[in-house]
Structures are given as structure tokens and as C-alpha cells.
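In UniProt numbering, the protein residues as written are 1 to 134. Structure record follows, encoded as C-alpha cells.
Spelled out as C-alpha cells, the structure:
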């Protein structure tokens with residue numbers, strides 16, 4: 001969930017259970033195939049097999065993004081901050097609402113999408129995320 005960072009740069013956890021319930025209702029009530037709902041759930045919980053997660057489990061020897069080779073390949077990098085991902089999103093007009101947002105996790109990205117996108121845009125957004133992550 002979108003959170004403010006404290007002076008140390010650490011994100012606090014939301015103490016309002018209603019806000020968390022609302023967020024999870026949005027995740028589970030998407031009008032998309034069940035496999036994409038589970039994709040989102042796993043992505044929000046950082047359990048997708050990106051190179052950063054594989055490095056933590058000692059499955060790969062480095063976590064460099066194969067597209068830009070500069071940054072660590074974590075999920076938010078794959079679907080948002082990588083120059084390759086940005087090329088895709090620049091072609092999608094409704095993604096302009098994300099300009100200027102600080103998105104540090106997939107959960108932040110998904111929560112922003114649920115707040116700013118229409119139902120149709122949200123469906124398209126989720127399909128694109130799943131394709132980009134492959």
C-alpha cells in the first residue's frame with residue numbers, strides 16, 4: 001500500500017485495517033481471469049520469480065536486469081522503472097496519471113492503478129503487467 005516514508009527512508013505499515021480491507025477487496029474483485037488475480041496477489045507479496053528474489057535464494061549469481069543491465073531486476077523494475085517497461089507504458093495514454101508518483105513496490109503500483117484507472121483501463125493494465133513479467 002502507498003505509504004509515507006519516515007526520516008530514515010523506511011515505510012511505515014498502515015495501521016488502519018479498513019484501508020487494508022479496501023485494498024484487498026480491490027485486488028480480489030477485479031473483473032479479470034482468476035490466474036491474473038493470483039498473479040497480482042503473488043506480485044504484491046513479492047513472491048514472483050524475478051532475479052532479485054532468485055538471487056536471495058541463491059538460484060542465480062546476479063540480479064542485473066537483462067534489458068538495461070544497470071539495475072537490479074525486482075518486480076517494480078520489470079513492470080515500471082526499467083527503460084524497456086517505460087517504452088511500453090509511453091504508448092498507453094492512460095498511464096500518464098502515474099507520472100511523478102514514487103512507486104517503490106508492486107503493491108504501490110497496483111494500489112495507484114486501482115485509485116486512478118477505470119474498470120476497462122484496469123483490466124488492460126493487469127493483462128499488460130502479466131505479459132511484461134513473463
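All C-beta atoms in this analysis are idealised placements derived from N, C-alpha and C, irrespective of residue type, glycine included.
N-terminal and C-terminal residue of the alpha helix (DSSP H) that residue i is part of
| i | result |
| --- | --- |
| residue 111 | 106-116 |
| residue 98 | Taken as a continuous stretch (DSSP letters only), residue 98 belongs to no alpha helix (DSSP H), as it is neither H nor E. |
| residue 53 | 51-56 |
| residue 36 | 34-44 |
| residue 130 | 119-133 |
Reference residue i; option with closest CA among the options
| i | options | result |
| --- | --- | --- |
| residue 20 | 44, 132, 39 | 44 |
| residue 29 | 119, 127, 105 | 119 |
| residue 31 | 103, 131, 121, 101 | 121 |
| residue 112 | 124, 97, 123 | 97 |
| residue 76 | 53, 62, 61, 33 | 53 |
| residue 95 | 25, 114, 104 | 114 |
| residue 105 | 90, 87, 123, 46 | 46 |
Inter-residue CB distance, residue i and residue j (contact presumed, cutoff 8 Å)
| i | j | result |
| --- | --- | --- |
| residue 74 | residue 50 | 6 Å |
| residue 42 | residue 48 | 6 Å |
| residue 69 | residue 84 | Actually they do not touch by this definition, with Cβ atoms about 11 Å apart. |
| residue 132 | residue 78 | 6 Å |
| residue 80 | residue 117 | 14 Å between Cβ atoms; not a contact. |
Cβ-based burial, residue i [other Cβ within 10 Å; buried from 16]
| i | result |
| --- | --- |
| residue 92 | exposed |
| residue 65 | buried |
| residue 129 | buried |
| residue 12 | Note that residue 12 scores 40 on pLDDT, short of 50, meaning its location in the model is unreliable; the coordinates nonetheless yield the value given after this. It is exposed - the Cβ of residue 12 has fewer than 16 other Cβ atoms within 10 Å. |
Those runs of the alpha helix (DSSP H) which lie wholly inside the stretch 59-93 and span at least 4 residues: 83-90
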